[in-house]
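> Submitted below is the structure of interest, expressed as C-alpha cells.
In this note's numbering, the protein residues as written are 3 to 659.
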C-alpha cells in the first residue's frame with residue numbers, strides 16, 4: 003500500500019511538473035484551447051518518434067564525416083601529448099636557467115661591491131697623491147724660475163701641499179717628503195719676500211703708482227703665503243709697504259699743496275672787516291668811499307658752488323699754470339681734499355684686498371700731517387671768513403665720504419674753529435671800536451657796514467641753518483648787537499631826526515633785502531623785521547609832522563581831552579581850510595621826498611603807502627572830532643575834504659606801490 007507521505011510527495015512532484023509545463027507556450031496554449039491531454043500526448047509522442055527517425059537517418063548519412071572527425075581528434079590528442087612533453091621539458095630547462103641567473107646575480111653584486119671599493123680606494127689614493135705629490139718641475143721653478151704667473155701657481159700648489167701635511171702628518175710618505183717640502187717652503191718664502199719688497203720699492207715712483215699697484219695686486223697670494231708660513235717676513239713686507247707709501251704720499255701731498263698755493267687768490271686781507279676806517283675802503287680812482295663795495299670776503303655768491311663740485315676732479319697744476327688761473331682758498335682746499343680722499347679710497351681698497359688689514363690711518367699719518375701743516379700755515383694769514391666757512395663745510399662733507407680719515411678731519415676742525423672765532427671776533431671788535439666820523443657816510447643812503455654785515459650773516463645762515471657751525475651763528479648774533487649800536491651812533495651824527503630815521507630805515511631794509519635774496523630765515527631775520535617796522539612807524543610820524551603838524555597835534559590833544567566844549571573854533575576852521583588848500587601839494591611833496599630818501603624803490607613805496615594811510619587815519623579822526631564838537635555842521639564844514647577824495651588821490655600813487 004502507498005503510504006500517505008508518498009502520495010503527498012507524488013502530488014507535490016506532479017504539481018511542480020504542471021507548474022513547469024505551464025511555462026511552456028505550446029502546453030499553455032493546449033490547456034487554454036481545451037485540447038484533450040491524452041490525444042495531445044499521443045500527438046507529441048508521434049512527433050518525437052518522427053524526429054528520432056529523422057535524426058537516425060541523418061546520422062547514418064553523416065557517419066563517414068563523423069569517423070573522419072574522430073580520426074582528426076585522435077591525431078590532435080597525440081600532438082597535444084607531444085607538446086605537453088615538450089613544455090614539461092622547457093619547464094625543467096627554465097628552472098635550471100633561473101638557478102643559474104640567481105647565481106650570476108649574486109656574483110654580479112659581489113663584483114660591483116669590489117669595483118666600488120676599488121674606485122673608492124683609487125679616488126682616495128689619487129686625492130692623496132694629488133694633494134701630496136708635486137710636479138717634477140716645481141723645485142726648479144720655485145728656486146730658479148722667474149716670479150711670474152707660473153711661479154705664483156707653483157706657490158699656491160706648494161701651499162696646498164703644506165696645508166695637507168698638517169692634516170696628514172702621520173702618513174709615512176708625508177714624513178719622508180717633509181724635509182724637501184720645508185726646503186721648498188723656505189726658498190719660496192724668501193723669493194716671495196724679496197719680490198714683494200722690490201715691487202713695493204717701485205711704488206715710490208709716484209708717476210706710475212697706479213700701474214705698479216695694479217701689478218702688485220696680482221701677487222696678493224704671495225703675501226698670503228708669507229702670512230701662513232713666514233709671519234715675520236709678512237710683517238716685514240707690510241711694514242715696508244706702510245713706510246714706503248707713507249713717505250711717498252707725504253712727498254706727493256706736500257708737493258701738490260705747495261703747487262696749489264701758487265694759484266691762491268687773496269679774497270680778503272686784515273682790513274676786510276665789517277667796519278674799517280674810511281681810508282681802507284676808498285675806491286682806487288676816487289677819494290670817495292665805495293659804498294657799493296661788498297667784497298667776496300663777506301658775500302657767498304657763486305662761491306657756494308664749491309660744495310656742489312666737491313666730487314669734481316682736482317686741479318691739475320700744470321694746466322692751471324698754463325692758463326694763469328687763480329682760485330679762492332676753498333677751491334684749493336677742495337682740490338687737495340679730493341686728492342687726499344681719492345688716494346684714501348684707493349689705499350683702503352688695495353690694503354683690504356692685499357694685506358687684509360686696515361692700514362690707511364698709518365699710511366696717511368704723514369700725508370695728513372703735511373696737509374694739516376699746509377692748512378695751519380694758510381690759516382695763520384687768512385682773513386677770509388666766507389672761505390673758511392666753506393672749508394669747514396667741505397670738512398663736514400668729507401668726513402662722511404672718507405671715514406678712514408676721521409682723525410685728519412678732527413684736526414682740520416681743531417684748526418678752523420679758533421681761526422674762525424678770531425676772524426669773527428675781529429669783526430665784532432671793528433664794529434665796537436669804529437669811529438662814525440672815520441667810517442665815511444654817504445648821506446642817508448645804506449652804509450657799507452650794514453651790507454657787509456648782512457652778506458656775512460646771510461652766508462652763515464645759508465651754510466649753517468642748523469647743527470655744528472663752529473660757533474658762527476653765536477658770533478653773528480654778537481656781531482648783530484654791535485652793528486645795531488654802530489648804526490645808531492652813525493645815525494646820531496645827522497642833525498635832523500628825520501635823516502636819522504631815514505638812515506636807519508635804509509640800512510635795516512638793505513639788511514633784510516639781502517637776507518631775503520639769500521633766503522635766510524631765523525632769529526636774525528625776525529629781529530631786523532621788527533626793527534624796520536618800528537623805524538618806519540617813527541618816520542611816518544615824522545614825515546606827517548613836516549606837513550601836517552598842527553592838524554596832528556590838534557587831533558592828539560583833542561582825543562586826550564575829556565570834553566570838547568573848549569574847542570578853539572578859529573583854530574579848527576583854520577585847520578580845515580589849510581588842509582583843503584594844501585593837502586594835494588603836501589602829498590606830492592611827501593612822494594618826492596620819499597623817492598629821494600630811500601635807496602630801495604620798493605622800500606620807499608612801502609613807506610609812502612604807510613604815510614598816506616596814516617594821513618587818511620588822522621584826517622578821519624579829525625573829521626570825527628569836528629562832528630562830535632558841532633552837532634550841526636559848522637559854516638566851514640563845506641571846506642572839509644571828503645575821505646573819498648583823499649582815497650582817490652592815494653590811488654594815483656598806489657600804482658607805484
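Ideal Cβ positions, reconstructed from N, Cα and C, are used throughout, including at glycine.
(1) When you compare only the Cα positions, how much space is there between residue 1 and residue 354?
(2) Using 8 Å as the cut-off, can you tell me whether the region 333 to 348 makes contact with the region 397 to 410, which would need three or more C-beta pairs spanning the two stretches below that distance?
(3) Run the CB neighbour count on residue 607, radius 10 Å, all protein chains shown included, and call it buried at 16 or more, exposed below.
(4) If you measure between the beta carbons of residue 370 and residue 413, is that distance less than 9 Å?
(5) Measure the Cβ-Cβ separation of residue 194 and residue 224 and say whether it is below 9 Å.
(6) Specify, as a first and last residue, the run of the alpha helix (DSSP H) that residue 231 falls within.
(7) Note down, in chain order, each residue of its chain lying with its Cβ closer than 8 Å to the Cβ of residue 396, except the 5 sequence neighbours on either side.
(8) Using a threshold of 9 Å, state whether the C-beta atoms of residue 492 and residue 600 are closer than that.
(9) Report all residues from its chain with a CB closer than 7 Å to the CB of residue 138; omit the five preceding and five following residues, and keep chain order.
(10) Determine the closest residue to residue 364 out of 327, 61, 406, 500, with distance taken between C-alpha atoms.
(11) In terms of residues, what are the limits of the alpha helix (DSSP H) holding residue 384?
(12) Cβ atoms of residue 157 and residue 190: under 9 Å apart, would you say?
(13) Just to confirm before moving on: does the CB-CB distance between residue 270 and residue 441 stay below 9 Å?
(14) Three or more beta-carbon pairs under 8 Å between the region 473 to 481 and the region 539 to 547, yes or no?
(15) Within the continuous alpha helix (DSSP H) that includes residue 412, where are the two ends?
(16) In the DSSP assignment, what residue or residues form a beta bridge with residue 329?
(17) Can you give the Cα-Cα distance for residue 394 and residue 274, rounded to whole angstroms?
(18) Distance, Cα to Cα, residue 50 vs residue 78?
(19) How many Å lie between residue 141 and residue 186 at the Cα?
(20) Contact between the region 379 to 387 and the region 420 to 438 is defined here as three or more beta-carbon pairs at a separation below 8 Å; is this criterion met?
(21) Starting from residue 463, trace the alpha helix (DSSP H) both ways and give me its first and last residue.
(22) Give me the Cα-Cα distance between residue 59 and residue 44, rounded to the nearest whole angstrom.
(23) Please report how far the alpha carbon of residue 655 lies from the alpha carbon of residue 526, in whole angstroms.
(24) Alpha carbon to alpha carbon, how far is residue 266 from residue 523? Give it in angstroms, no decimals.
(25) Near residue 480, what residues of its chain come up, given a Cβ to Cβ distance below 6 Å and the 5 sequence neighbours on each side ignored?
(26) Should residue 38 be labelled buried (16 or more other beta-carbon atoms within 10 Å of its own) or exposed?
(27) Quick check: what's the CA-CA separation for residue 545 versus residue 614?
(28) Measure the beta-carbon distance from residue 511 to residue 534 and round it to whole angstroms, keeping in mind my assumption that it falls under 8 Å.
(29) Look at the alpha carbon of residue 343 and the alpha carbon of residue 237, and state the distance between them as a whole number of angstroms.
(30) Rounded to whole angstroms, what is the Cα-Cα separation between residue 76 and residue 70?
(31) Hey, could you find the ends of the alpha helix (DSSP H) residue 529 is sitting in?
(32) Report, in whole angstroms, the separation of the C-beta atoms of residue 641 and residue 579, which I expect to be a contact under 8 Å.
(33) Quick check: the Cα distance between residue 316 and residue 327, rounded to an integer number of angstroms?
(34) Would residue 478 be called buried (16 or more neighbouring beta carbons within 10 Å of its own) or exposed?
If we stick to the structure as given:
(1) This structure leaves residue 1 out entirely; the chain is present only between 3 and 659.
(2) Three or more beta-carbon pairs drawn from the region 333 to 348 and the region 397 to 410 are found closer than 8 Å, and the two stretches are therefore classed as touching.
(3) What you label residue 607 is simply residue 605 of the chain shown in a count that begins at 1. Answer is buried; the Cβ neighbour count reaches 16.
(4) Residue mapping note: residue 370 aligns to position 368 of the chain shown, counting from 1. Residue mapping note: residue 413 aligns to position 411 of the chain shown, counting from 1. Taking 9 Å as the Cβ cut-off, residue 370 and residue 413 qualify as a contacting pair.
(5) Start at 1 with the first residue of the chain shown, and residue 194 comes out as number 192. Start at 1 with the first residue of the chain shown, and residue 224 comes out as number 222. For residue 194 and residue 224, yes; Cβs fall inside 9 Å.
(6) Position 229 of the chain shown, counting from 1, holds the residue named residue 231. Counting along the chain, the unbroken alpha helix (DSSP H) around residue 231 starts and ends at 222 to 231.
(7) By 1-based counting over the chain shown, the position of residue 396 is 394. The beta carbon of residue 396 sits closer than 8 Å to those of 308, 309, 312, 332, 335, 336, 339, all from its chain and outside the five residues before and after it, given in chain order.
(8) Indexing the chain shown from 1 puts residue 492 at position 490. Indexing the chain shown from 1 puts residue 600 at position 598. No, they are not a contact pair.
(9) In the chain shown, residue 138 corresponds to position 136, counting from 1. Hits under 7 Å: none found.
(10) Within the chain shown, the letter at position 362 stands for residue 364. Nearest in C-alpha terms to residue 364, of all of 327, 61, 406, 500, is 406.
(11) Working through the chain shown from its first residue, we reach residue 384 at position 382. Note, residue 384: premise wrong, no alpha helix (DSSP H); not H, not E.
(12) Along the chain shown, read from residue 1 onward, the residue named residue 190 stands at position 188. Along the chain shown, read from residue 1 onward, the residue named residue 157 stands at position 155. It is a contact, given that the beta carbons lie within the stated cut-off.
(13) For the purposes of this step, residue 270 is identified with residue 268 of the chain shown, where counting begins at 1. For the purposes of this step, residue 441 is identified with residue 439 of the chain shown, where counting begins at 1. No, the pair does not count as a contact, with Cβ atoms beyond the cut-off.
(14) no
(15) The sequence position of residue 412 within the chain shown is 410, counting from 1. In this chain, the alpha helix (DSSP H) harbouring residue 412 covers 408 to 435.
(16) For the purposes of this step, residue 329 is taken as the residue at position 327 of the chain shown. Looking at the DSSP assignment, residue 329 forms a beta bridge with 266.
(17) By one-based count along the chain shown, residue 394 stands at place 392. By one-based count along the chain shown, residue 274 stands at place 272. Distance between the alpha carbons of residue 394 and residue 274: 20 Å.
(18) As a first step, residue 50 is located in the chain shown; it is residue number 48 there, counting from the start. As a first step, residue 78 is located in the chain shown; it is residue number 76 there, counting from the start. C-alpha separation (whole angstroms): 36 Å.
(19) Residue 141 sits at position 139 when you count from the first residue of the chain shown. Residue 186 sits at position 184 when you count from the first residue of the chain shown. Going by the C-alpha atoms only, they are around 7 Å apart.
(20) yes
(21) Here residue 463 refers to the residue found at position 461 of the chain shown. It spans 450 to 465 - the alpha helix (DSSP H) in which residue 463 sits, taken as one unbroken run.
(22) Indexing the chain shown from 1 puts residue 59 at position 57. Indexing the chain shown from 1 puts residue 44 at position 42. When rounded, the distance between both Cα atoms is 23 Å.
(23) The count along the chain shown starts at 1 and reaches residue 655 at position 653. The count along the chain shown starts at 1 and reaches residue 526 at position 524. Their backbone Cα atoms lie some 33 Å apart in a straight line.
(24) Stepping through the chain shown from its first residue, residue 523 is reached at position 521. Stepping through the chain shown from its first residue, residue 266 is reached at position 264. Each residue's alpha carbon lies about 33 Å from the other.
(25) Residue mapping note: residue 480 aligns to position 478 of the chain shown, counting from 1. Excluding sequence neighbours, residue 480 sits near 430.
(26) Taking the first residue of the chain shown as position 1, residue 38 is located at position 36. It is exposed - the Cβ of residue 38 has fewer than 16 other Cβ atoms within 10 Å.
(27) The residue labelled residue 545 in the question sits at position 543 within the chain shown. The residue labelled residue 614 in the question sits at position 612 within the chain shown. Taking the straight line from one Cα to the other gives about 10 Å.
(28) In the chain shown, counting from the first residue as 1, residue 511 sits at position 509. In the chain shown, counting from the first residue as 1, residue 534 sits at position 532. Taking a contact as a CB-CB distance under 8 Å, the pair residue 511 and residue 534 counts as one, their CB atoms being some 6 Å apart.
(29) Within the chain shown, residue 343 is the residue found at index 341, counting from 1. Within the chain shown, residue 237 is the residue found at index 235, counting from 1. So the two alpha carbons sit approximately 26 Å from each other.
(30) One-based indexing of the chain shown puts residue 76 at position 74. One-based indexing of the chain shown puts residue 70 at position 68. When only Cα atoms are considered, residue 76 and residue 70 end up about 10 Å apart.
(31) Indexing the chain shown from 1 puts residue 529 at position 527. Counting along the chain, the unbroken alpha helix (DSSP H) around residue 529 starts and ends at 525 to 562.
(32) Walking along the chain shown from the start, residue 641 turns up at place 639. Walking along the chain shown from the start, residue 579 turns up at place 577. With a Cβ gap of about 5 Å, residue 641 and residue 579 count as contacting.
(33) Taking the first residue of the chain shown as 1, we reach residue 316 at position 314. Taking the first residue of the chain shown as 1, we reach residue 327 at position 325. Whole-angstrom Cα-Cα distance: 14 Å.
(34) Mapped onto the chain shown, residue 478 falls at position 476. Buried.
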